[in-house]
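> Can you keep this structure in mind? I'll have questions shortly.
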Amino acid sequence: MEAQILRYCLIAVSVFSSTGAAYQSRNFVVTAPTEDVARRVGEAAENYRRDLATFWRGEPLPAWSKPCRINVRPGALGAGGQTTFQFVGGEVLNWNMYVQGTVERILDSVLPHEVNHTIFACHFRRPLPRWADEGAATL
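Written out as structure tokens, the structure reads:
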């Protein structure tokens with residue numbers, strides 16, 4: 029019985045410790061393997077959100093009612109990402125972003141691309157044709 033309890037405790041500890049570190053800013057909650065990576069991605073996401081919204085819209089976006097979750101998987105992986113959200117009654121909700129690749133590629137190309145998708149969703153409040161959304165997010 030004690031061995032079984034110990035086994036469950038070890039499993040629980042490994043599950044909770046494998047989630048890594050988190051960083052929260054006004055509009056993003058970042059989960060990454062280290063505090064440094066989580067902080068760097070969170071700060072960059074806020075900066076890209078402000079700067080890219082100003083580029084596209086002429087002004088920054090207002091704060092979101094709930095932050096976008098960003099899951100960061102750094103490493104020798106192909107650089108890429110995915111951002112999901114829902115349009116509900118003219119609002120954009122349930123933000124989730126996944127980014128992977130080297131930290132450098134995440135910060136200089138993947139993250140701004142994915143943040144652009146959030147800006148377009150907020151501005152247009154409806155799905156864009158894929159060619160327009162991906163094309164503009166790549167600029």
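Numbering (the numbering used here), first residue to last: 29 to 167. Beta carbons are placed, not taken as given, at the ideal position from N, Cα and C, and that holds for glycine.
(1) Tell me whether the beta-carbon of Phe56 lies closer than 8 Å to the beta-carbon of Ile98.
(2) Mind checking whether Val120 and Arg153 have CB atoms under 8 Å apart?
(3) Let me know the secondary structure DSSP gives Pro88 once reduced to three states.
(4) How far does the alpha helix (DSSP H) with Asn55 in it extend, from its first residue to its last?
(5) Within this structure, are the beta carbons of Ser93 and Glu74 separated by less than 8 Å?
(6) Any idea if Gly103 is buried or exposed, counting beta-carbon neighbours within 10 angstroms, 16 or more meaning buried?
(7) Looking at the secondary structure, which residues open and close the beta strand (DSSP E) in which Ile147 lies?
(8) How would you label Gly129, buried or exposed, when you count the other beta carbons within 10 angstroms and need 16 or more for buried?
(9) With DSSP run on the structure shown, which of helix, strand or coil describes Thr112?
(10) Could you please give the first and the last residue of the uninterrupted alpha helix (DSSP H) stretch that includes Gly163?
(11) Using C-beta distances below 7 Å, list every residue in its chain close to Asp161, excluding the 5 sequence neighbours before and after it, in chain order.
(12) Please state if the CB of Val65 and the CB of Val131 are separated by a distance shorter than 8 Å.
(13) Can you tell which of Asn122, Trp159, Ala50, Glu142 has the C-alpha that lies nearest to the C-alpha of Tyr76?
(14) By DSSP, does Ala107 sit in helix, in strand, or in coil?
A quick look at the data gives this:
(1) Here Phe56 is near Ile98, since their CB atoms are less than 8 Å apart.
(2) Result yes, Cβ atoms of Val120 and Arg153 sit closer than 8 Å.
(3) Three-state DSSP puts Pro88 in coil, outside helix and strand.
(4) It is not in any alpha helix (DSSP H) - Asn55 carries neither H nor E in the DSSP assignment.
(5) Not closer than 8 Å, so no.
(6) Answer is exposed; the Cβ neighbour count stays below 16.
(7) Ile147 -> not in any beta strand (DSSP E); alpha helix (DSSP H) instead, spanning 139-152.
(8) With 16 or more Cβ atoms within 10 Å of its Cβ, Gly129 is classed as buried.
(9) Residue state for Thr112 is assigned as strand, using DSSP reduced to three classes.
(10) Gly163: member of the alpha helix (DSSP H) spanning 158-166, first to last residue.
(11) Contacts found: His145, Phe148.
(12) Yes, the Cβ-Cβ distance between Val131 and Val65 is below 8 Å.
(13) Closest by alpha carbon: Glu142.
(14) In the three-state scheme derived from DSSP, where H, G and I count as helix and E and B as strand, Ala107 is classed as coil.
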